[in-house]
Amino acid sequence: MQRIKIKVAYDGTGFCGWQLQPGLRTVQGVLELAIERITGIPVRVHGSGRTDSGVHAVGQVVHFDVEDGRATVPWQKALNSLLPDDVTVLDAELVSSEFHSRYSAKRKTYTYNLWLENSFFLPWRRHYVWKCGPVDLASIDKAMQLFVGKHDFASFQNAGTPVSSTVREIYYFKRYPGQSGQEIVLEVCGSGFLKQMVRNMVGCLVNIGRGKAEPETVRSLLEIKDRTAAPATAPAQGLFMAGVEYGESGCGGTDAGRNQFENCGINGEA
């Protein structure tokens, strides 16, 4: 058997998340169906992480095993000829059997889009931003830095996925302009993330930006380790899986985050 690694982008609007679910349209299910049409047999694919319904990706990494004779298939071209318009394979390569898209990952990067204007809204952005309205950016910038470092993120984990530890390390959390003057992008890179952790952190940041809490609230929530004490989870549609890093270099994902879905389509790395 040979192991194939692919990088995938998808618009999560029409999917019930990444993971296979009986009777529902999922990214994993769509990929496995396309691969089976090439190989003639069912093939299980493994993703670098799960995304919820409505969450997008510009850098989801996937691996799967095929018989030796199928290793030379031009997988990017072959899969893109079979996949629906809301999924695309950005690249494909043959990797060692020791590679695992999830367990070999060193760092993951996510981005989240916020729409800050209340007087109007671009309708074609509705699936890719949270229309949260005006926020104090200085407060958000200060609060973001309190997430950086190694902490217990129990207050920012939603129930549903048992883990052995809720300690994670955030390498950076930063802000940059979005596609229009009404948008900003928050980008976070870490060793890994708990269930809906990024959306919970963004929900907390927006709460602070609206003046409902002080930036120091982040520090107290990390210390208290109680999900019920933290603000509500941010909506799914603003979140993008931006990149996964497997080497020892710095976090990847900024370029992907800066080139997200142009209007409603997928372009290049987005």
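Just so you know, we're using our numbering here: the sequence shown kicks off at 56 and counts up by one. C-beta: ideal position from N, C-alpha, C; glycine also.
Item to check | Neighbourhood of R282 by C-beta, 6 angstroms cutoff - its chain only, sequence neighbours within 5 removed | outcome: S210
Next on the checklist: Looking only at its chain, what residues have a beta carbon closer than 8 angstroms to the beta carbon of H118, apart from the 5 residues adjacent to it on each side?
Outcome noted: R58, I59, K60, I61, V100, H101, V150, F154, H155, S156
Next on the checklist: If distances are taken between C-alpha atoms only, which option among P77, T272, R254, W185 comes closest to G233?
Outcome noted: W185
Checklist entry - Once you ignore the five residues that flank A198 on each side, which residues in its own chain have a CB closer than 7 angstroms to its CB? => result L260, I263, P270, V273
Checklist entry - So what's N135 in DSSP terms, helix, strand or just coil? => result helix
Next on the checklist: Looking only at its chain, what residues have a beta carbon closer than 7 angstroms to the beta carbon of F70, apart from the 5 residues adjacent to it on each side?
Outcome noted: R80, T81, V82, S108
Checklist entry - In its own chain, which residues sit with a C-beta less than 7 angstroms from the C-beta of T216, not counting the 5 before and 5 after it? => result K250
Item to check | Boundaries of the beta strand (DSSP E) in which I225 is found, first to last residue | outcome: 222-232
Item to check | Beta-carbon contacts of F176 that lie in its chain and below 7 angstroms, excluding the five residues immediately before and after | outcome: W170, K186
Checklist entry - What separation, rounded to the nearest whole angstrom, lies between the Cα atoms of Y227 and A89? => result A89 has its alpha-carbon roughly 36 angstroms from the corresponding atom of Y227.
Checklist entry - Nearest to P97 by CA position, among G104, S103, E87, V299, is which residue? => result E87
Item to check | Candidates E278, E224, F202, S194, of which the one nearest A334 by Cα | outcome: Residue 334 lies beyond the stretch modelled for the chain, which goes from 56 to 325, so this question has no answer here.
Next on the checklist: Does the CB of D196 have a neighbour CB from chain D at under 8 angstroms?
Outcome noted: The structure shown contains no chain D; it is built from a single protein chain.
Checklist entry - Between the beta-carbon of V110 and the beta-carbon of A291, is there less than 8 angstroms? => result Going by beta carbons, V110 and A291 fall inside the 8 angstroms limit.
Checklist entry - Can you tell me whether N173 is buried or exposed, with buried defined as 16 or more other CB within 10 angstroms of its CB? => result exposed
Item to check | Which residues DSSP lists as bridging E300, in chain order | outcome: Beta-bridge analysis with DSSP links E300 to R162.
Item to check | Coarse secondary structure for G245, derived from DSSP in three states | outcome: strand
Checklist entry - Thinking C-alpha only, which one of D146, V243, P129, L138 is nearest V116? => result Out of D146, V243, P129, L138, D146 has the C-alpha closest to the C-alpha of V116.
Item to check | Other residues of its chain near P129: CB distance less than 7 angstroms, five sequence neighbours each side excluded | outcome: none
Checklist entry - The beta strand (DSSP E) with T143 in it runs from where to where? => result Counting along the chain, the beta strand (DSSP E) containing T143 begins and ends at 142-150.
Item to check | Same chain only: Cβ atoms within 8 angstroms of D196, ignoring 5 sequence neighbours per side | outcome: R230
Checklist entry - Which value, in whole angstroms, describes the spacing of the CA atoms of G188 and D141? => result 28 angstroms
Next on the checklist: Cutting at 8 angstroms between CB atoms, please list the residues of its own chain near T221, excluding the five before and the five after it.
Outcome noted: D207, F208, A209, Q212, L249, K280
Checklist entry - Nearest CA to the CA of G95: which residue from P77, S235, V113, E122? => result E122
Item to check | Cα-Cα separation, I239 to V63 | outcome: 24 angstroms
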